[in-house]
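Participant: Submitted below is the structure of interest, expressed as structure tokens.
Residue numbers (this note's numbering): -5 to 366.
Here is the structure:
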């Protein structure tokens, strides 16, 4: 077996979608999936459960055997360094990360130290042609936009520009990987705001979608309705990533997997699409643009609209997301489109599916996706 594709994160949202997309492209038997568990059988079960959640059919699942599992934790990769299959890996797609907006004590251990451990495991492997580090476009930090458009540039800030520790950890993971293993054939892949799935809605993950719901319930946010937000669905992200992985050559080393100027959507259109899907009136006529500091004044309204939520956590969450929304970023995807990747659908195209799939899930439950 040659030209294997080593994937991390197949038990997560984007990593799982990457695996499903690879299977759909006939690459199932070429996958080598790193997953942690007490045994390869248990790791395989974790992977399969997640792939099913992301739309994998029984025929898709049948393509992934226990023999395709590398059972290990990112912190203990030395234990598998002698596995002969690693010398047959031509592409690494590293999606595994702790994606949380809480100040989790393990953020750098997983997102930085784990990334370096994977770099150590794979550098100088004879078949390796491409190591794709899946970061985040939001790792650009504050002040990165020129007329609100963020360019696909290599260097990322590591100072106070970051609104949350997560984005800094992803920027640091990139930088350290380049510094410590300069011979790795690195490609930096940075998705923008991933929300939902174009056919499954928010059934696989309600991450971030709940923010738009709460925004409409409260009728206030830190941006104007005419500003745009760069949102993409997870299945389109996976399509773009696997296409990049399969190309013989790439013209750039940094790619935003983003809606870009062409497919980013104004908040006004999101309001209209959400309202239509929920069968309510849009908030446009009564909407208030406020500063991040003024979000605390919404607390009485929060208690009324989202009574099941922890006041303090919801307030903190809205301050964070309000700060992100206030950046009004659109992430340039010129490098991606130049490779012939099809542009993404607009968020409003699949909002009805997101609403329907999350209709009976309390906001407090949905928030758990982002505050681990």
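Note that the Cβ used here is the ideal one computed from N, Cα and C, for glycine as well.
Buried or exposed, going by whether 16 or more other CB atoms sit within 10 Å of the CB of residue 168?
Facilitator: buried
Participant: DSSP three-state call for residue 176: helix, strand or coil?
Facilitator: coil
Participant: Should residue 318 and residue 268 be called a contact, given that it needs their Cβ atoms to be closer than 8 Å?
Facilitator: no
Participant: Buried or exposed, going by whether 16 or more other CB atoms sit within 10 Å of the CB of residue 76?
Facilitator: exposed
Participant: Report the option in 57, 49, 64 whose CA atom is closest to the CA atom of residue 10.
Facilitator: 49
Participant: Rounding to the nearest angstrom, what Cα-Cα distance links residue 83 and residue 65 in this structure?
Facilitator: 16 Å
Participant: By a C-beta neighbour count over all protein chains shown, 10 Å radius and 16 as the cutoff for buried, is residue 87 buried or exposed?
Facilitator: Residue 87 comes out buried.
Participant: Could you pull the DSSP bridge partners for residue 63 from this structure?
Facilitator: Residue 63 has 27 as its beta-bridge partners, per DSSP.
Participant: Do the segment 11 to 26 and the segment 232 to 244 meet, that is, are 3 or more Cβ pairs less than 8 Å apart?
Facilitator: yes
Participant: In whole angstroms, what is the alpha-carbon distance linking residue 8 and residue 25?
Facilitator: 16 Å
Participant: Roughly how far, in whole angstroms, is the beta-carbon of residue 284 from the beta-carbon of residue 342, given that I think they are within contact range, below 8 Å?
Facilitator: Contact between residue 284 and residue 342 does not hold, since the beta-carbon distance rounds to 24 Å and is not under 8 Å.
Participant: Would you call residue 33 buried or exposed, if buried means 16 or more other Cβ atoms sit within 10 Å of its Cβ?
Facilitator: exposed
Participant: In three-state terms, what does DSSP make of residue 185?
Facilitator: Correct three-state label for residue 185: strand.
Participant: With respect to the alpha helix (DSSP H) encompassing residue 18, which residues constitute its N-terminal and C-terminal limits?
Facilitator: 7 to 18
Participant: Quick one: using the 10 Å Cβ neighbour count with 16 as the cut-off for buried, is residue 38 buried or exposed?
Facilitator: Its Cβ being crowded by 16 or more others within 10 Å, residue 38 is buried.
Participant: If you drop the 5 nearest sequence neighbours on each side, which residues of the same chain put their C-beta closer than 7 Å to that of residue 143?
Facilitator: 255, 324, 326
Participant: For the putative contact between residue 90 and residue 3, defined by C-beta atoms under 8 Å, what is the C-beta separation to the nearest angstrom?
Facilitator: Confirmed, about 4 Å.
Participant: Using the Cβ count rule (16 or more neighbours within 10 Å means buried), how would you classify residue 366?
Facilitator: exposed
Participant: Is residue 249 closer than 8 Å to residue 223 when the C-beta atoms are compared?
Facilitator: no
Participant: Closest to residue 195 by C-alpha separation, out of 364, 29, 349, would be which residue?
Facilitator: 349
Participant: State buried or exposed for residue 208, treating a residue as buried only when at least 16 other CB atoms are found within 10 Å of its CB.
Facilitator: buried
Participant: Check this for me: beta carbons of residue 155 and residue 139, under 8 Å apart or not?
Facilitator: no
Participant: Got a sec? Which residues, its chain only, sit under 7 Å from residue 40 by beta carbon, not counting five neighbours each side?
Facilitator: 5, 29, 31
Participant: Less than 7 Å between C-beta atoms, sequence neighbours within five positions excluded: which residues of the same chain meet that for residue 12?
Facilitator: 1, 87, 89, 232, 235, 236
Participant: Would you tell me roughly how many angstroms separate the C-alpha atoms of residue 356 and residue 200, rounded to the nearest one?
Facilitator: 10 Å
Participant: Using beta-carbon positions only, say whether residue 128 and residue 183 come within less than 8 Å of one another.
Facilitator: yes
Participant: How long is the line joining the alpha carbons of residue 85 and residue 177, rounded to whole angstroms?
Facilitator: Their Cα atoms are separated by approximately 14 Å.
Participant: With distances taken between CB atoms, is the gap from residue 58 to residue 42 smaller than 8 Å?
Facilitator: For the pair residue 58 and residue 42, the CB atoms are nearer than the 8 Å cut-off.
Participant: Could you name each continuous beta strand (DSSP E) segment of 3 residues or more that falls completely within the segment 195 to 262, going from the start of the chain to the end?
Facilitator: As far as the segment 195 to 262 is concerned, its whole beta strand (DSSP E) runs of at least 3 residues are 248 to 251.
Participant: Please report how far the alpha carbon of residue 137 lies from the alpha carbon of residue 216, in whole angstroms.
Facilitator: If I take the Cα positions, the gap works out to 16 Å.
Participant: Report all residues from its chain with a CB closer than 8 Å to the CB of residue 54; omit the five preceding and five following residues, and keep chain order.
Facilitator: 14, 17, 18, 22, 45
Participant: Could you give the distance in angstroms between the alpha-carbon of residue 81 and the alpha-carbon of residue 123?
Facilitator: 11 Å
Participant: Near residue 147, what residues of its chain come up, given a Cβ to Cβ distance below 7 Å and the 5 sequence neighbours on each side ignored?
Facilitator: Take residue 147, set aside five residues on each side of it, and the residues of its chain with a beta-carbon closer than 7 Å to its own are 248, in chain order.
Participant: Let's see if you can read the secondary structure: which residues bound the alpha helix (DSSP H) around residue 315?
Facilitator: 305 to 321
Participant: So, with DSSP's three-state summary, where would you put residue 281?
Facilitator: coil
Participant: Starting from residue 140, follow the alpha helix (DSSP H) in both directions and report where the run begins and ends.
Facilitator: Segment: none, residue 140 is in no alpha helix (DSSP H) and carries neither H nor E.
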